[in-house]
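If you're matching positions, the sequence shown starts at 118 in this note's numbering and goes up one per residue.
Ideal placement from N, C-alpha and C gives every residue a C-beta, glycine not left out.
Notes follow the structure.
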Amino acid sequence: MSKWKKLYLVVNDGGDGDGEDHGAWFNPVFVSADGREVKLSSRKWKTAKSGWGKIGFGISATGKPLKSGDGKAQPDGLGTHANSTIVFDVPKGAVRFKAQAGLANTSKGKGKIQFTVSDSMPSFAAASNSKEGPHATPNSPIILPHVAVKALVDLEAIEACLDAVGSVNSRSALWALRKIHDTKVVDGLIAKYSTSSEESLKADILATLIRIYQIEAPYDGSWWWSTRPDTRGPYYKPIKWEGSKKIGAFVKAQWDAGEHRDIIVAHNAKTRSEIKGVDVASIASAPVKPVGPKVDLSAIARAKGQVGKMSIEDVMLALDNVKGKVKRGEELFSQQGCIACHTTDAKQPAKGPFMGQVGAVLTREQIAESILKPNASISQGFATVSVETKDGKALVGFITAQTADKVEMRDIAGQVHIVKVANIKSKHELETSMMPAGLANSLTMEDFASLIAYLASQKK
Ligand code: HEC
C-alpha cells in the first residue's frame, strides 16, 4: 500500500442480510518498510459508519468488550457491524496493512460477512441480491415431496393415502388428502380418527378435516379476486361442498367432547372455516373490533416533526443508522392512522394492503419509501379509482371488492361506499396513491425507525 493515501475497511453482509453481523478487524497494524508496526488503534479514523450498533476499538457492535470467537480479549481490535465502511489516512512510510478479520464473539458465530481492504470505496454489485427477499432461495428439498403429493392428488389416490395415515408416511398422506375434496376422504379420516389412539395423529387428522371443510369456488367470470390476491388462504373464495356438513358436525362433536380444542380453534381460525359452535374460546380471548374511520389523517399529515423537516433522501440515509423498537412501532401504527386502512391481523377484514406479511415481501427501505412516497409505486390492485355515478355522485377510492352487480370502494377517510354497477356512469384509474403522503412527518427519526421495524417484523 505504499502509494495508498486512504485505507477503506469495508464489512459487507455476505449476501444474506445483516443479522448478527458483528464484524471486527483484530490486531490491525500499519507496517513500514523496515518492519516497524503502528497500531491502528493509535490513529483516528476519518469517517466510520455501520449498519447497526457501535463502532470502536476494543468494543463489539453491542458495546461489550471486544473478544474474538475463541473468547480472547481484543483491546486493539476494531469492532463494527455490517454494512460498515471505516476510512483512515495511511501514515507516511506504511507499506502494508495487517489484520485478522472475523466475527466478534457477540455474534455467537451466526453472522456471515465479507471483508474488503481497499484504497477507495469498492463497489458491490453482487451484494445487492440480499434484497430479494425469502423467495430468492429455492427450497430444493421440498420439490420431490411436492411432486409426489401433486401426483397422489392427480391420481385421486384416496385409498392409498388413507392407508398411509398413521404410518411413517402419515404427514405426506395427510398433505395430499387436504387437497382432495371427496366424501370418501371425509369418511376415511373420521374412521381413522375413531380407531387411532395416538393423540398427535388425531390432532393432525382434525386439522386436515378442518382444512377441507371449505373448497375453492369454481370461477364463473362474474367476480374477481378484488384488491390483490388475499394471501391469508387457503382459498380465495371459499364455499361449502358436499362434505362440509359431515365435517362440521364431526368437529363440533369433538369440540363438545373437549377433544383437541386448541387445534380446533387454531385451524378453524387459520382456514377461516367458521365452523359453527366451536370458536367460543377464540371469540372470548380476541374480540375483533372493527376499526372506525375516526382518525383525522390530514391533521396527522400536517404536523411537522423531525421526519417532516428532512428530505426523503436524508431520512432514508438516517434510517441506516437507527434501529427502532418493534413495540413502539406497533403503537405508532395506530397513532399515525395507519390502522384506518391497514391491518396486521388476518382476522380483520382487509381494507388497504394487508400488513401482516409486509416484512416478508418488502425490505426496510421499500417499506420506508412506501410511507414517505406513496405515489412512487402503487401496490398491485390498489390503484386509485375515480367513479362518477348516474345519480350525480363522485367517488375517489380504491376498490375493495367487486361482484357482477356491485363495487365496494373505500375512500381516503377509510369510509366504505357500495356502488351498483348499473349506477356507474364512468370509472377510471388515477396515477396517485390513496395513501396520504406525510403521515410520518410528525415523527422523530427514532420513531420512524420503530414504525419500520414493526412492519419489517410482520412476517407471518
Ligand atoms: C387512507 C388510507 C391509508 C392510510 C391512512 C395509510 N395507508 Fe398505506 N397504503 C394505502 C393504500 C391504498 C396503499 C396501496 C397503494 C400504494 O401502494 O400506494 C398503501 C400502501 C402501503 C404500503 C406498501 C404496501 C405494499 O405491499 O406495497 C405500506 C408499507 C404502507 N402503505 C404503510 C402505511 C403506514 C405505515 C401507514 C401509517 C403511517 C399507512 N400506510 C397509512 C392506504 C393507506
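G328 versus A320: straight-line alpha-carbon distance, rounded
According to the sequence shown, residue 328 is Arg rather than Gly. Those two C-alpha atoms are separated by around 12 Å.
Delimiting residues of the beta strand (DSSP E) encompassing V127:
123-129
Extent of the continuous alpha helix (DSSP H) run through A584:
This structure cannot settle anything about residue 584, because the visible part of the chain is limited to 118 through 577.
Between the Cα of N558 and those of L568, T549, T202, spot the shortest distance and give me the residue it belongs to.
L568
Unbroken alpha helix (DSSP H) run spanning N144, endpoints:
Premise fails: N144 lies in the beta strand (DSSP E), 140-149, not in any alpha helix (DSSP H).
Considering I260, what are the terminal residues of the alpha helix (DSSP H) in which it resides?
Here the alpha helix (DSSP H) through I260 covers 260-271.
Consider the C-beta atom of M238 and the heavy atoms of ligand 1; say whether any pair is separated by less than 7 Å.
no
Count the other CB atoms within 10 Å of the CB of S402; is the residue buried (16 or more) or exposed (fewer)?
With a pLDDT of 42 at S402, under the threshold of 50, the modelled position of that residue is not reliable, and the figure given next carries that caveat. Only exposed fits S402, as fewer than 16 other CB atoms lie within 10 angstroms of its CB.
Opposing strand residues paired with E154 [DSSP bridges]
V148
Between the stretch 172-187 and the stretch 118-125, are three or more C-beta pairs nearer than 8 Å?
no
With C-beta atoms as the reference, is K442 less than 8 Å away from A290?
no
Beta-carbon contacts of A566 that lie in its chain and below 7 Å, excluding the five residues immediately before and after:
The answer, listed in chain order, is L436, V439, K440, G441.
Quick check on P335: buried or exposed, where buried means 16 or more other Cβ atoms within 10 Å of its Cβ?
exposed
T520: first and last residue of the uninterrupted alpha helix (DSSP H) it sits in:
T520 -> no alpha helix (DSSP H), and no H or E assigned at all.
Label C532 either buried or exposed according to how many other C-beta atoms from any shown protein chain fall within 10 Å of its C-beta, with 16 as the threshold for buried.
The question names Cys, but residue 532 in the sequence shown is Gln. By the neighbour-count rule (16 or more Cβ atoms within 10 Å), Q532 is not buried but exposed.
Between the C-alpha atoms of E486 and V478, what's the straight-line distance to the nearest angstrom?
14 Å
To which residues does DSSP link K225 through a beta bridge?
Per DSSP, none; premise fails for K225.
Can the beta-carbon of Q423 be found less than 8 Å from the beta-carbon of L560?
yes
Please go through the same chain and pick out, in chain order, the residues whose beta-carbon is closer than 7 Å to the beta-carbon of Q217, but skip the five residues on each side of it.
F143, N144
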